[in-house]
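Structure first, then comments.
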Amino acid sequence: TKCESGCVCADGLYENLDGRCVPAEECPCEYGGLAYGKGEQIQTECEICTCTKGKWKCAQKSKCSSTCNLYGEGHITTFDGQRFVFDGNCEYILAMDGCSVNRHVSSFKIITENVICGKSGVTCSRSISIFLGNLTIILRDETFTISGENPGVQYKVKNNSLHLMFDIVIPGKYNMTLIWNRHMNFFIKISRETQETICGLCGNYNGNMKDDFETRSKYVASNELEFVNSWKENPLCGDVYFVVDPCSKNPYRKAWSEKTCSIINSQVFSACHNKVNRMPYYEACVRDSCGCDIGGDCKCMCDAIAVYAMACLEKGICIDWRTPEFCRKLLSLTS
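Going by the working numbering, the sequence shown opens with residue 6, and the numbers climb by one from there.
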């Protein structure tokens with residue numbers, strides 16, 4: 006609230022931003038450093054909030070979307086915002102539905118195949134498989150294949166030199182947008198029309214990040230590795246027992262990684278700093294730049310920075326961060 010009670014105003018009145026004494030119902034609200042008057046509204050991805058007596062009153066939208074990110078060397082941000090990293094060499098279920106106890110048929114399943122991609126033992130996604138009933142989409146080697154068909158699923162493919170984007174509609178259930186940068190970054194954005202249970206490494210999408218480590222057996226794991234191991238698609242793969250620290254294994258790369266990734270903390274991204282917390286992205290960039298030691302060093306670093314640029318774009322902030330000398334590409338979804 007931006008009204009203050011005190012000696013400047015009579016009892017029951019409050020000083021507003023203009024220095025006038027007003028009743029409580031006339032008090033403005035604050036969001037993002039801006040003031041909003043009585044009755045004004047703001048919208049987030051999932052809520053509509055109205056300024057009422059100096060406080061925001063929010064209502065859930067009927068349709069709410071959320072995004073899960075798989076990027077770099079085993080980084081995941083779940084639908085509910087939980088972050089973790091793992092170094093598993095196997096196929097893992099990223100997201101699927103039909104997870105409830107009394108339902109075992111899924112209308113979609115998305116799997117990542119993770120392989121070792123650095124001498125330090127870090128892993129990254131080599132391919133993505135999307136199963137939509139009898140329709141299968143495989144993303145691998147910078148291209149895609151589609152096999153089978155499902156008349157109950159509508160999809161469109163947008164294909165350019167930098168990204169593949171799939172808009173998928175499962176009528177009465179989900180609208181999905183899948184974005185792949187033809188390398189290690191994959192984004193799943195889902196808007197659902199039902200409260201169907203979702204599960205996998207992307208979490209259960211119930212608005213509570215504290216229970217995102219729910220295993221295939223329906224209990225919340227005590228740590229991310231136990232959680233990750235429960236979502237192996239192939240049970241014959243070995244379990245993950247530790248997370249690699251590539252900067253410790255490649256200390257000679259740490260200074261270079263910190264210097265190149267510092268663009269995230271610089272003026273270049275300053276317009277986004279108050280909208281999206283930059284530190285998790287900077288730390289992920291440093292880790293990936295240390296670990297990407299089998300060629301493509303700069304590509305790993307550029308991919309990591311692009312993830313932060315994408316997060317900024319989702320908040321309506323387009324950052325022109327690429328130059329002819331730094332991560333040069335044509336205009337892309339991450340500018």
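Built from N, CA and C at the ideal position, the CB exists for glycine as well.
**Prompt:** With DSSP run on the structure shown, which of helix, strand or coil describes H168?
**Reply:** Within the sequence shown, the letter at position 163 stands for residue 168. Coil.
**Request:** Report the partner residues of V27 according to the DSSP bridge assignment.
**Result:** Start at 1 with the first residue of the sequence shown, and residue 27 comes out as number 22. The partner list for V27 (beta bridge, DSSP) reads Y19.
**Prompt:** N186: which of A40, Y76 and C303 sits nearest, CA to CA?
**Reply:** Position 181 of the sequence shown holds residue 186. Looking at the Cα atoms, Y76 is the closest of the given residues.
**Request:** Write down the C-beta distance between V281 and C317 rounded to the nearest angstrom, noting that I regard them as a contact closer than 8 Å.
**Result:** For the purposes of this step, residue 281 is taken as residue 276 along the sequence shown, with counting starting at 1. For the purposes of this step, residue 317 is taken as residue 312 along the sequence shown, with counting starting at 1. So it is a contact: roughly 6 Å between Cβ atoms.
**Request:** Hey, could you find the ends of the beta strand (DSSP E) R258 is sitting in?
**Result:** For the purposes of this step, residue 258 is taken as the residue at position 253 of the sequence shown. Element bounds for R258: n/a, residue is neither H nor E.
**Prompt:** Counting Cβ pairs, one atom from each stretch, are 3 or more of them under 8 Å apart for the segment 242-259 and the segment 114-126?
**Reply:** yes
**Request:** Can you tell me which of the three DSSP states S70 falls into?
**Result:** Taking the sequence shown and counting its residues from 1, the one referred to as residue 70 is at position 65. Here S70 sits in strand by DSSP.
**Request:** Can you grab the Cα-Cα spacing for the pair S235 / G79, in whole Å?
**Result:** The count along the sequence shown starts at 1 and reaches residue 235 at position 230. The count along the sequence shown starts at 1 and reaches residue 79 at position 74. Looking at the two C-alpha atoms, the distance is approximately 16 Å.
**Request:** Grab the span of the alpha helix (DSSP H) containing M214 for me, first residue to last.
**Result:** As a first step, residue 214 must be located in the sequence shown, where it is residue number 209. No alpha helix (DSSP H) contains M214, which DSSP labels as neither H nor E.
**Request:** Leaving out five residues on either side along the sequence, give the residues of the same chain with a beta carbon under 6 Å from the beta carbon of S134.
**Result:** The sequence position of residue 134 within the sequence shown is 129, counting from 1. Only I116 and I143 meet the Cβ criterion.
**Prompt:** Mind checking whether C32 and Y41 have CB atoms under 8 Å apart?
**Reply:** As a first step, residue 32 is located in the sequence shown; it is residue number 27 there, counting from the start. As a first step, residue 41 is located in the sequence shown; it is residue number 36 there, counting from the start. Result no, Cβ atoms of C32 and Y41 do not sit closer than 8 Å.
**Prompt:** Quick one: Cα of I81 to Cα of T265, how far?
**Reply:** On the sequence shown, position 76 is the one that residue 81 refers to. On the sequence shown, position 260 is the one that residue 265 refers to. Roughly 22 Å between the two C-alpha positions.
**Prompt:** If we count the other Cβ atoms within 10 Å of its Cβ and call it buried at 16 or more, is A100 buried or exposed?
**Reply:** Residue mapping note: residue 100 aligns to position 95 of the sequence shown, counting from 1. The residue in question, A100, is buried, as its Cβ has 16 or more Cβ neighbours within 10 Å.
**Asked** What residue range is occupied by the uninterrupted beta strand (DSSP E) comprising D102?
**Response** Sequence index remark: in the sequence shown, residue 102 carries index 97 (1-based). Start and end: E96 to D102.
**Asked** Can the beta-carbon of R211 be found less than 8 Å from the beta-carbon of D85?
**Response** Against the sequence shown, residue 211 aligns to sequence position 206. Against the sequence shown, residue 85 aligns to sequence position 80. Note that residue 211 corresponds to Asn in the displayed sequence, not to Arg. It is a contact, given that the beta carbons lie within the stated cut-off.
**Message:** Tell me the rounded alpha-carbon separation between E231 and S70.
**Reply:** Walking along the sequence shown from the start, residue 231 turns up at place 226. Walking along the sequence shown from the start, residue 70 turns up at place 65. C-alpha separation (whole angstroms): 28 Å.
**Request:** With DSSP collapsed to three states, give me the class of L183.
**Result:** On the sequence shown, position 178 is the one that residue 183 refers to. Strand, per DSSP.
**Status (buried if at least 16 other CB within 10 Å, exposed otherwise) for K114** = Locating residue 114 in the sequence shown gives position 109, counting from the first residue. K114 comes out buried.
**Request:** List the whole-angstrom C-beta distance separating V245 from F89, where the pair is believed to meet the contact cut-off of C-beta under 8 Å.
**Result:** Along the sequence shown, read from residue 1 onward, the residue named residue 245 stands at position 240. Along the sequence shown, read from residue 1 onward, the residue named residue 89 stands at position 84. About 11 Å; that fails the 8 Å criterion.
**Asked** Quick one: what's got a C-beta closer than 6 Å to T328's C-beta in the same chain, skipping five residues either side?
**Response** As a first step, residue 328 is located in the sequence shown; it is residue number 323 there, counting from the start. Closer than 6 Å at Cβ, skipping near neighbours: no residue.
**Message:** Within a Cβ cutoff of 7 Å, which residues of the same chain sit near C295, ignoring the five residues on either side of it in sequence?
**Reply:** Locating residue 295 in the sequence shown gives position 290, counting from the first residue. Result list for C295: P251, C252, N255, R258, K259 and S262, in chain order.
**Asked** Can you pull the DSSP bridge partners for Y36?
**Response** For the purposes of this step, residue 36 is taken as the residue at position 31 of the sequence shown. DSSP lists L39 as partners of Y36.
**Asked** Taking the alpha helix (DSSP H) that N234 falls in, what are its first and last residues?
**Response** Start at 1 with the first residue of the sequence shown, and residue 234 comes out as number 229. It spans E229 to S235 - the alpha helix (DSSP H) in which N234 sits, taken as one unbroken run.
**Coil, strand or helix - S222 by DSSP** = Against the sequence shown, residue 222 aligns to sequence position 217. The answer is coil: DSSP assigns S222 none of H, G, I, E or B.
**Asked** Just the Cα atoms here: how many angstroms apart are W326 and I268?
**Response** Here residue 326 is taken as the residue at index 321 of the sequence shown, counted from 1. Here residue 268 is taken as the residue at index 263 of the sequence shown, counted from 1. Cα to Cα, W326 sits roughly 9 Å from I268.
**Asked** DSSP on C305, reduced to helix/strand/coil?
**Response** For the purposes of this step, residue 305 is taken as the residue at position 300 of the sequence shown. Helix at C305.
**Item:** Rounded straight-line distance, which links the Cα of D16 to that of V291
**Value:** If you number the sequence shown from 1, residue 291 lands on position 286. If you number the sequence shown from 1, residue 16 lands on position 11. So the alpha carbons of these two residues sit roughly 55 Å apart.
**Request:** Rounded to whole angstroms, what's the CA-CA distance from E288 to I193? Just pull it up for me.
**Result:** Locating residue 288 in the sequence shown gives position 283, counting from the first residue. Locating residue 193 in the sequence shown gives position 188, counting from the first residue. If you take the alpha carbons of E288 and I193, they lie about 22 Å apart.
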